[in-house]
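Student: Got a structure for you, written out below as structure tokens; questions coming shortly.
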Amino acid sequence: MSSEHGTPAPEQQQQPPALLQRLSVAPIDPPEFEEATVEACEQIVVSFRKGDITKTEASYRLVKILDLDEAQDDEEEYAQRNEALTTFLEQLDSVQREHQIPDRLRSRTREATPEITENENFNDDAPAEALAGRSSGKRRTFEADYSADPFEYAPPRKRKAVDESLFPFLQDSGSSLCPELQRTLLLKENYTRDLPLCRQSIMSRPNAPGLPSNVWTSILSNEYVDLSKVFGAIYSTGGDTKQAHQFGDFEIITDNIKTTRTIAQHGHWAIAWSKYVAGVTFAYPHRDAELKGYAEHITNAFSAVDEASHRKVVDYDKAIRTEVGRLNNILLTDFSRFNHIYTMYINSSGAGTSSSASRSEAASTAMPAPTALSTATPSSSAPLSPKTSTGNSELPRRFRGFLWHERETPVTPSASASESLRPIPGPPPSASNDSAAWNTIHSHPELFAITTPINVDRFESLLTSHPNRPLVDSVLHGLRHGFWPFAHHVPDAPDIWDEPNYTVDDDARKFIAEYTIKEEAAGCYSPPFTFDLLPGMYSMPIHAVPKPHSDKLRLINNHSAGPFALNSFIAKNDVGMRPDNVQDLGRNLLFLRQQLGDVPLWLFKSDVSGAYRLLPMHPLWQLKQVNTVDGTRRIDHCMCFGSRGSPDIWCSFMSLVLWIAIHIKFIALLLAYMDEAFSFDTNMTLALQGTSLHTSKA
């Protein structure tokens, strides 16, 4: 064998290589398996041995020739072809090892061994002499295990086999995932077994989308894809060529596309996204609906901000797809899982800096300094101004915000926050795809209803000019189809749960009985039923307590009771709103004095009767709101006090109401603390609570 390629000696060239000898005795039945197919496969192995083709190309040719798909209907033939494919692939591995061993030996003896002449062939008699160092320098000796056949080098010592049964993570079969995720993981696991082979196969298809090879690698791995690379490839004229970089004796070859264009606006993103979707759906066809839903979400985010802020949405999209690419249990449409990302990138001016204000924009969003109070326009909201320090960092903490500066700017935090609040999410896929829960709903339609006294169409018409369309659309959808209270899927939660109720006294029992009759008449409760809970149903305790400073009772829904409390399904960092407060009122009053001097003022406050009960819940959540009293059950159709998600849903709705009041009806500086709206006016002509107004004034 020569020192360069290990060519067999002339007297050995008449004998077939040992690998082909082993291959010829592969367990293939000649009468039933075409001899021409075997010869073609053998020729592929020989071509790879000579270096005419790469291992990837050789593997691809073997798969194509043996064509397992063609033999799927014949179990015996399929088994033969599969066994043959395994045998030939093993031969490729052996040839690769044969090529690697001489290279390693030569590289280790390059310094210590002089150049081997042509007549110093490797043989069984003196391999050590041919490899041992003969110079006066460092002397090294190596032992190699050669057989009689020059190709029969001893393979590297194998590692100890891994006992996969000890993997603790294998206990999670993924059965709790939705069907879409299970299908994605199945395809991903198959693709990543041999990414080069799968990439070459998919890029060889006549109808494959034209994407760069490194983008295909990321798509097949279900990883994050930089849309700038996709966007740059669309306008690239240099092709998808490899680049070589020389560093001394080393050469680094890269096939990454040099990004010459970046995505900075919605139009760029849409162009790249359409090409990206074509590639993903080619490899993962079942993800089409998921990608369409996500594209609508991002498009709405673009439309909710001005063009100068499009970069925020681009970063928001990158962060979401990075998160989904790292995890195996999230869909792109699980929007409630990305609340922290929304806060991080969209509300970059201060929202979400603390858990108590995770969904609101800067608390002191200021209105422009007008000469009159009714200067807001219906087409746009008050522009953001730097937050005026009210002194928590500059003034003593004991004042608790009740110490103002001499000159203040007016604020409407809740109304202004509506322009940047994230949309209210709907049910996650794990809930939407719960067939047992839907079967319960469809089998007892009389127990479920969407009811609200709000004129949703009129509400929608008043919000046509609101800039935050994702929030508006989510609230309108909730009013028509029911709200979802930010709850996540909990894999260990039972399908049915009946939490024991509290023992109540006679007065409380009487109050609860009267309350349920009134709520049923209003459409907020379902008709009573006495059968056992059905799949998807949860019953939480209810009881009655006195109202503050009153002997009257009020109903309490305890969604925090028991090991599977409904509130435990709602993450604390997913909710949290800052309502308007008296400090904001003080700032506005000071501003009025600065503008109008010592004029008479009338303060007013108006609360919304039964506020939470005005908003319907999604039927899938109504299943969780079963109230049980003395064996009689009713389903609560509406949002209730006691749910961790209720304040956020209400404040989101109320922020839109305040926005309409300020920008459409020109009621300046209107504030609200939960269900209580308050402000002041220089005109004492106020409509008393309960007074009917003409529709032109409403």
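In full-length UniProt numbering, the protein residues as written are 1 to 698.
Beta carbons: idealized from backbone N, C-alpha and C, even for Gly.
Going by other Cβ atoms of all chains shown within 10 Å of its Cβ, with 16 needed for buried, is ARG578 buried or exposed?
Tutor: So ARG578 counts as buried.
Student: Identify, in the order they occur along the chain, each residue of the same chain with its Cβ nearer than 7 Å to the Cβ of HIS286, setting aside the five sequence neighbours on each side.
Tutor: Closer than 7 Å at the Cβ level, and outside the excluded window around HIS286, lie GLU180 and ARG183.
Student: Taking Cβ positions, are TYR294 and LEU332 nearer each other than 9 Å?
Tutor: yes
Student: Within the same chain, show all residues whose beta-carbon is closer than 8 Å to that of TRP650, passing over the 5 residues directly before and after it, in chain order.
Tutor: ALA611, TYR612, LEU615, MET639, MET674 and ASP675
Student: In this structure, how does DSSP classify ALA544 when only helix, strand and coil are distinguished?
Tutor: strand
Student: Cα separation between ASN121 and GLU90?
Tutor: Because ASN121 carries a pLDDT of 43, less than 50, the predicted location of this residue cannot be relied on, and the following value inherits that uncertainty. So the two alpha carbons sit approximately 28 Å from each other.
Student: On a CA-only basis, which of ILE219, CYS198, GLU164 and PHE591 is nearest THR409? Give me that one, please.
Tutor: PHE591
Student: With LYS275 as the anchor, note down where its alpha helix (DSSP H) starts and where it stops.
Tutor: Residues 266 to 283.
Student: Can you find at least 3 beta carbon pairs, one from the region 531 to 545 and one from the region 553 to 570, that sit closer than 8 Å?
Tutor: The region 553 to 570 and the region 531 to 545 touch, with three or more beta-carbon pairs separated by less than 8 Å.
Student: Quick one: give me the first and last residue of the alpha helix (DSSP H) that LEU186 is part of.
Tutor: Looking at the DSSP string, the run of the alpha helix (DSSP H) that includes LEU186 is 179 to 191.
Student: Shortest alpha-carbon distance to PHE483 belongs to which of ASP498, PHE531, PRO619 and ALA544?
Tutor: PRO619
Student: Identify, in the order they occur along the chain, each residue of the same chain with its Cβ nearer than 8 Å to the Cβ of LYS547, setting aside the five sequence neighbours on each side.
Tutor: LEU553 and ARG554
Student: Thinking just about the alpha-carbon of each residue, which of ILE667, ASN557, ALA677 and CYS178 is nearest to the one in SER609?
Tutor: ALA677
Student: Leaving out the 5 sequence neighbours to the left and right, which residues in its chain are closer than 6 Å to ARG509 when beta-carbon positions are compared?
Tutor: none
Student: Check whether the Cβ atoms of SER550 and PRO428 sit closer than 9 Å, and answer yes or no.
Tutor: No. Outside cutoff.
Student: Use the C-beta contact count for GLY645: other C-beta atoms within 10 angstroms, 16 or more gives buried, fewer gives exposed.
Tutor: buried
Student: Report yes or no: do three or more beta-carbon pairs, one from the region 47 to 61 and one from the region 70 to 79, lie closer than 8 Å?
Tutor: In this structure the region 47 to 61 does not touch the region 70 to 79; the number of beta carbon pairs closer than 8 Å is below three.
Student: Report yes or no: do the region 225 to 235 and the region 264 to 279 share at least 3 C-beta pairs separated by less than 8 Å?
Tutor: With a cut-off of 8 Å, the region 264 to 279 and the region 225 to 235 count as touching, because enough Cβ pairs lie within range.
Student: Does the region 595 to 603 touch the region 460 to 470, meaning 3 or more C-beta pairs lie closer than 8 Å?
Tutor: Not touching, per the Cβ criterion.
Student: Would you list, in sequence order, the uninterrupted beta strand (DSSP E) runs of no fewer than 3 residues that lie entirely inside the region 644 to 686?
Tutor: 671 to 673 and 676 to 681
Student: Which of helix, strand or coil does DSSP assign to ILE556?
Tutor: In this structure, ILE556 counts as strand in the three-state DSSP scheme.
Student: For a test of the three-state rule: what should DSSP assign to ILE202, helix, strand or coil?
Tutor: helix
Student: Which residues share a DSSP beta bridge with THR628?
Tutor: BP columns for THR628 point to ARG633.
Student: Tell me whether GLU189 is buried or exposed, calling it buried when 16 or more other Cβ atoms sit within 10 Å of its Cβ.
Tutor: exposed
Student: Can you find the residues in the same chain that come closer than 7 Å, C-beta to C-beta, to LEU177, ignoring five residues on each side of it along the sequence?
Tutor: ASN329
Student: Straight-line CA distance for ALA283 to VAL629?
Tutor: 53 Å
Student: Which one of ILE219, LEU220 and LYS318 has the shortest CA to CA distance from ILE263?
Tutor: LYS318
Student: Does the Cβ of ASN222 have 16 or more other Cβ atoms within 10 Å, making it buried, or fewer, making it exposed?
Tutor: buried
Student: Measuring alpha carbon to alpha carbon, tell me which residue in VAL162, PRO470, PRO453 and THR440 is nearest PHE302.
Tutor: PRO470
Student: Nearest to TYR515 by CA position, among ALA544, ASP505 and PRO535, is which residue?
Tutor: ALA544
Student: Spatial neighbours of SER472 within its chain, please: CB distance less than 6 Å, with the 5 preceding and 5 following residues excluded, ordered by chain position.
Tutor: Checking the sequence, you will find Val at residue 472 rather than Ser. If we look at VAL472 and ignore the five residues flanking it on each side, its Cβ neighbours are LEU463 and HIS466.
Student: Which of helix, strand or coil does DSSP assign to VAL95?
Tutor: Of the three classes helix, strand and coil, the one that applies to VAL95 here is helix, per DSSP.
Student: Can you tell me which of PRO168, ALA161 and VAL280 puts its alpha carbon nearest to the alpha carbon of THR217?
Tutor: VAL280
Student: Please report the straight-line C-alpha distance between HIS442 and LEU534, rounded to a whole angstrom.
Tutor: 12 Å
Student: Less than 6 Å between C-beta atoms, sequence neighbours within five positions excluded: which residues of the same chain meet that for PHE529?
Tutor: ARG633
Student: Buried or exposed for THR682, going by 16 or more other Cβ atoms inside 10 Å?
Tutor: Residue environment: THR682 is assigned as exposed (fewer than 16 neighbouring CB atoms within 10 Å of its CB, all protein chains considered).
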